[in-house]
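At position 6 of the sequence shown the residue is numbered 18 (my numbering), and the sequence of numbers has no breaks. Please read the structure below before turning to the comments.
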Amino acid sequence: MKGKIAALGVVVPALLALSVSPASSAGVNATADAGVTAKDSGEQFVKLGRNVGCWYRADEPDHLTVGSRKLWGTVQITRCTPRPPDKCHVTAAIANPIYNVEHKDDGWKSCKKKTLKIAYTCQDMVTKKQYMTVGSIAMVYKGHAQSHVFHSKKVTQFCA
């Protein structure tokens, strides 16, 4: 966890506030038995109680076509357990190592497979900068909540 926080720099406090505040605004308590596990495919799993949770991931930001001014990033809930959490709140951001450059909030919705796409319009295509996709997920199940902030690998793109 310390490695992730160090990699995100200043982005973390704002995203932690986003991922924690939805659960508290839903009037629920965070559970102590919830956990996060990682898979080799880049997917991670957040568990709420016994056998309830969702897998999620953040894809590296990239241009869809050569010469495109838009840098696209995606945050996905790839699947949920057969008994899904009651509600999920997903956010996505394209960030450089210091701050968010674009942000999107999906709000509280049912927990199911979904993709949240976000685009940042580059001002120039000459300068190279580092970017990553940062996401947060908050889940509620029977009055208990769990949240997690995660990010893709950093990539260097012609985009400033």
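Idealized CB from N, CA, C, for every residue including glycine. Given the structure is predicted, the values throughout are model-derived calculations rather than measurements.
Pick from the options: whose alpha carbon is nearest that of residue i?
{"i": "D98", "options": "C134, T168, K140, W120", "result": "W120"}
{"i": "V64", "options": "H163, K154, C171, H160", "result": "K154"}
{"i": "R81", "options": "C100, T139, H163, Y111", "result": "T139"}
{"i": "D136", "options": "G79, N112, R95", "result": "G79"}
{"i": "E114", "options": "A157, I149, G85", "result": "G85"}
{"i": "N112", "options": "A150, F57, Y143", "result": "Y143"}
{"i": "I149", "options": "G54, P94, D118", "result": "D118"}
Note the first and the last residue of the continuous beta strand (DSSP E) segment covering residue i.
{"i": "V87", "result": "82 to 92"}
{"i": "C66", "result": "65 to 74"}
{"i": "V58", "result": "56 to 59"}
{"i": "A131", "result": "126 to 133"}
{"i": "V113", "result": "112 to 121"}
Are the Cβ atoms of residue i and residue j separated by less than 8 Å?
{"i": "K141", "j": "C92", "result": "no"}
{"i": "V161", "j": "L128", "result": "no"}
{"i": "P109", "j": "Q169", "result": "no"}
{"i": "S159", "j": "A70", "result": "no"}
{"i": "G147", "j": "V102", "result": "yes"}
Let me check one thing: in DSSP terms, what residues is residue i bridge-paired to?
{"i": "V102", "result": "I149"}
{"i": "Y143", "result": "V167"}
{"i": "A172", "result": "DSSP, once it has assigned bridges, lists no residue as partnering A172."}
{"i": "V161", "result": "S148"}
Below 8 Å on the Cβ atoms is my guess for residue i versus residue j; work out the distance and round it to an integer in Å.
{"i": "I106", "j": "I89", "result": "In fact, because the Cβ distance is near 18 Å, the residues do not count as touching under 8 Å."}
{"i": "T145", "j": "A104", "result": "7 Å"}
{"i": "L76", "j": "Y132", "result": "Incorrect: roughly 12 Å between the Cβ atoms, too far for contact."}
{"i": "P96", "j": "C134", "result": "The pair is not a contact, with the Cβ atoms about 37 Å apart (cut-off 8 Å)."}
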